[in-house]
Amino acid sequence: GTVSEDVETLVVLCTQDVLLRPYCLGEITTAYMDSVRTKPVNIIFNHPSDTFITNIDQAVDMKSLHEVGLGPETIQTALRWFRLLVALNYPKVGTLPEITTLCRGLLSHNP
Numbered sequence: 005g006t007v008s009e010d011v012e013t014l015v016v017l018c019t020q021d022v023l024l025r026p027y028c029l030g031e032i033t034t035a036y037m038d039s040v041r042t043k044p045v046n047i048i049f050n051h052p053s054d055t056f057i058t059n060i061d062q063a064v065d066m067k068s069l070h071e072v073g074l075g076p077e078t079i080q081t082a083l084r085w086f087r088l089l090v091a092l093n094y095p096k097v098g099t100l101p102e103i104t105t106l107c108r109g110l111l112s113h114n115p
């Protein structure tokens, strides 16, 4: 897939619903499985709780993920990994120094 073969850094724009979208879960899980550097950018986001992760298959239609071989256990492990990543904050106002800081964080080679 694209993330495992063509992406050096996966940037995840963390909105309230990002983890409710199967495609986004698939990309995050693939990044985890293939050790792709991942940079979360907090826009409006609360990290997933243990309950959400445990019950992910009740919160999200997992059919498309199962069809490509991603099971709930793998996705749960990826979500536990994802919530440990240091996130960059998306600036609310977007002044030049704030945007510069965000861009530097995205371009850095730190995990």
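Taking my numbering, the leading residue of the sequence shown gets 5, the next gets one more, and so forth.
Backbone N, C-alpha and C define an ideal beta-carbon position, used for all residues, glycine too.
By Cβ distance below 7 angstroms, which residues in the same chain neighbour residue i in space, the five residues on each side in sequence not counted?
| i | result |
| --- | --- |
| S68 | P26 |
| I47 | L17, C18, T19, Y94 |
| I57 | Q80, L83, R84 |
Pick helix, strand or coil for residue i, following the three-state DSSP scheme.
| i | result |
| --- | --- |
| V72 | coil |
| R25 | coil |
| R108 | helix |
| T33 | helix |
| P52 | coil |
| R87 | coil |
| T13 | strand |
| T42 | strand |
Taking all protein chains shown into account, decide if residue i is buried (16 or more other Cβ within 10 angstroms of its Cβ) or exposed.
| i | result |
| --- | --- |
| T104 | exposed |
| E12 | exposed |
| L111 | exposed |
Leaving out five residues before and five after residue i in sequence, what residues of the same chain have Cβ atoms less than 6 angstroms from its Cβ?
| i | result |
| --- | --- |
| V22 | C28 |
| A82 | I32, T33, Y36 |
Rounding to the nearest angstrom, what Cα-Cα distance links residue i and residue j in this structure?
| i | j | result |
| --- | --- | --- |
| D61 | D54 | 13 angstroms |
| M66 | N59 | 11 angstroms |
| L74 | R108 | 33 angstroms |
| E71 | Q80 | 17 angstroms |
What is the C-beta distance between residue i and residue j, in whole angstroms, given that I count them as a contact (C-beta under 8 angstroms)?
| i | j | result |
| --- | --- | --- |
| L100 | A63 | Incorrect: roughly 38 angstroms between the Cβ atoms, too far for contact. |
| T89 | L106 | The sequence as given places Leu at residue 89; Thr does not occur at that position. About 15 angstroms; that fails the 8 angstroms criterion. |
| H51 | R87 | 4 angstroms |
Please return the same chain residues whose Cβ sits closer than 8 angstroms to the Cβ of residue i, not counting the five positions on each side in sequence.
| i | result |
| --- | --- |
| L117 | Only positions 5 to 115 of the chain appear in the structure, and residue 117 is not among them; the question remains open. |
| V45 | V15, V16, L17, C18, A91, L92, N93, Y94, L106, L110 |
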